[in-house]
Structures are given as structure tokens and as C-alpha cells.
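Position 191 of the sequence shown, counting from 1, maps to 196 under the numbering used here, and the rest follow consecutively. Here a beta-carbon is modelled for each residue, glycine too, at the ideal position from N, C-alpha and C. Only a predicted model underlies this, so the values are computations on that prediction, with no experimental measurement involved.
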Amino acid sequence: MKPKILLTNDDGITSTGLWAAYDALAPIADVTVVAPATQQSAVGRSISIFEPIRATKVTMNGVTAYSVGGKPTDAVIIGLFALHLNPDLVVSGVNIGENLSFESIMTSGTVGAALEASNQGVPSLAFSLQVEDQGDKFDDPSRITDRYSDAKRVVRETCERVLANGFPGKAHVINVNIPAQVRGGYEITRLAEKLFYTGVEERLDPRGRPYYWIDGPLYEDAEEGTDVHAVQRGNVSITPITLDCTAYAAADELKAIFDGMHI
């Protein structure tokens, strides 16, 4: 029997990146698509707890899928606990736009969905594709169709390798970032610290009142061994991520700061 994969994303169920991943995985697995109905980028691990969630069975590209009126995390939870899919693996992506560095994975809905799957005991991988024009991240996700040949190969090869050899025991998510143009090979990396130079642009509405856009250019590079550096070199970055955010290296210093305190 083929392994079972739950496929989700944060760009929405119409995203060509999602269906590129489906095309890559369908020959090797029984793939069920459970994805947000609309664009949900940068929602992280947000979860819908104040409103009901609807999951609608739809047919897209001749495939039965589930369109979820909620966040990527909601889609994973619906797939696991309402649809009872019992997958061997959860795959999130392919995201239109890179998810690199501490900064990006903390807000990424793509990585957030994968983290939720692992939190529920299912091994997961997140796939993201670098874009050369940052505006592509905000366009209609059904429009971008011409850049997936390398991404499909990476998705299939990576998932085949994990399914055949098992998931690394001390990781919760494998975060895979694919360069816009793959010029090298696979590189095991660590997270860089930053992806963006954060800025705020102030504008005025027609009544003269200010409003703001959060913006800023990308870092051009980072230290050797980081995900940012690997992708800039044209390598596929593979980064193990853990749910445990404990800063163990800071424990002794923290004990010293609070030494002798009593309540």
C-alpha cells in the first residue's frame, strides 16, 4: 500500500504551488488535499477558536479536496480529527516565497501547519520556493505557473527519502527552501537570524490621516551554514526545526539572575 499524505498550505486551495506538490507526490503516495479556502500567509500557528470552521468537499484539477474556511493550522486539525485521515506524513506547501530564518518561520503559515501536525504526532515537512520578485507573494496564487519543475523534483525526492529512511528523531519539522533557480545540491542548514530589514512606510488617506505599511528589503546573505546563505548560493536548504523553544543555554545565567529570590 502507498503511504498516506495530508497536503496543506497557507496560500490557499487555488495555489499552483499546492497543486505542484500534489503532482509530485501523487505517484508515490495516497494524497489528500486539505487546505485553507483563501490566502492565509503570515498567520503562523493561529487557530480558530471563536468561530466555527467549515470544510467543504470540492473538485479541483479533477481531484477531490477539502476547502477549509480557516487557517492552515485549522486545516491540519480538520484533516486529522474531523476527516480522520491518519496520514503517515503531512506536507505543507509549496509556498510561494521563501520561509527562511528565525524571523520568517515564526510567522509562516506554511511552517505553522507543519508544526501543528508534528505537535499532534505526525511527521511533517514544509516546502517553500524562493521568488525573485517579492510582489509574486501577494498576487493571485493561481496565476504563478511557470517555475515548478525543480520544486516538484525536490518535493518528491525529499519525501521519498524521509518515507524510506524515517524521520529524524530529534526534529519535529523539516523546513525545505528551494531556490528560484537550483544551481547546486541539498544542504543541511541552521536558521539565520533575519530575513528582512523591517521598516514602516507611512502614507496619508484621502482625509489626510496617516496609515502604515510594514515593509523592508530582504537580507542579501547571511553566515555560511545558514538557510539564507544556502538558498542564495542556489542550494536547496533543509533545516531541522523543533517545537521546543526552550533556551537551554540561558538556564544557568537565568538561575544566577534569580538566585535567592523568595515569594
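For Leu90 and Leu11, the gap between their C-alpha atoms comes out near 7 Å. Straight-line measurement puts the Cα of Ile33 at about 8 Å from the Cα of Glu165. Taken in chain order, the unbroken stretches of alpha helix (DSSP H) that lie wholly in the region 194-252 and span 4 residues or more are 232-237. With distances taken between CA atoms, Val233 lies nearest to Asn180 out of Asn180, Met6, Val48, Thr37. For Tyr27, the three-state secondary structure derived from DSSP is helix. Spanning the alpha carbons of Gly239 and Pro215 requires a straight line of approximately 41 Å. Cβ contact annotation for Lys175 (same chain, cutoff 8 Å, sequence separation greater than five): Pro245, Thr247, in chain order. In this model, Lys9 and Gly221 are separated by some 40 Å (Cα to Cα). When secondary structure is reduced to three states using DSSP, Lys62 falls in the strand class.
Contact between the region 103-112 and the region 26-42 is absent, with fewer than three C-beta pairs closer than 8 Å. Rounded to whole angstroms, Gly204 and Lys62 show a C-alpha spacing of 41 Å. Excluding the 5 residues flanking it on each side, Ser113 has same chain C-beta neighbours closer than 6 Å at Asn104, in chain order. By the 16-neighbour rule on beta-carbons within 10 angstroms, Tyr202 is exposed. At the C-beta level, Ala119 and Val95 come within 8 Å of one another.
Two segments are said to touch when three or more pairs of C-beta atoms, one from each, lie closer than 8 Å; by this definition the region 150-164 touches the region 18-25. Between the C-alpha atoms of Glu137 and Tyr71 there is a straight-line separation of about 31 Å.
The alpha-carbon separation between Ile52 and Asp210 amounts to approximately 32 Å. Leu94 is bridged by DSSP to Ile10. Per DSSP, reduced to three states, the secondary structure at Ile18 is coil, with no helix or strand assignment. DSSP places Thr43 in no alpha helix (DSSP H); its state is neither H nor E.
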